[in-house]
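First the structure, in the form of C-alpha cells, and then the observations on it.
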Amino acid sequence: MLLATVLLAGCTSFGPQAFRGDPFAPSADRSLIVFIENTTMEDIRIEARSPRDRYDLGMINSRSARRTSIPWSDLQDLRFQLDPISGRRVTTRPASVGPGERVTLVIVQPLEQSFIRR
C-alpha cells in the first residue's frame, strides 16, 4: 500500500504547472493578439473580419494605441474594416494568420494605406 501511494504521488504534479491542461492538446491557445496603433488625427471604429466571422473591436481614439484579443481557431485571412467618424469606410488587405499569433494594425493617412504588420 505504501509503495502504491509513493508511486502515485510521483506521477502527479504540484504547484503552478499542475493546472496547465492537456500538454498533448493540438493548440491550447485559440486566440489572436491584436495591437492597434492609430497614427491619424481621427477617431476610428474598427472591425476585425475573417472569412466566417466579424469582431467589433470598438472605437480607437486619434493618436493612441491599444491591445486586444479575438477568438481565432485556425489559419485564415484577417482583414480590418476601418470606419472613421468622418469619411468613408476602408478595408485593409488580408493577412493569413493562425491562433496564438500577434499582429499589429497600423492606421495611417490616407486610410487606404493602413496595414497589418506581423
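Going by my numbering, the sequence shown opens with residue 5, and the numbers climb by one from there. Don't be surprised by glycine CBs; every beta carbon is placed ideally from N, CA and C.
(1) Closest to S54 by C-alpha separation, out of L79, P88, F119, would be which residue?
(2) Would the stretch 71-88 count as touching the stretch 32-52 if we require 3 or more Cβ pairs under 8 Å?
(3) What are the boundary residues of the beta strand (DSSP E) that includes N42?
(4) Consult DSSP for Q80 and reduce its assignment to one of helix, strand or coil.
(5) From the DSSP output, which residues share a beta bridge with Q117?
(6) Which stretch, first to last residue, makes up the beta strand (DSSP E) that contains G62?
(7) Straight-line CA distance for R34 to L115?
Concretely, from the data shown:
(1) L79
(2) yes
(3) 35-42
(4) strand
(5) DSSP output for Q117 lists no bridge partner at all.
(6) 58-64
(7) 29 Å
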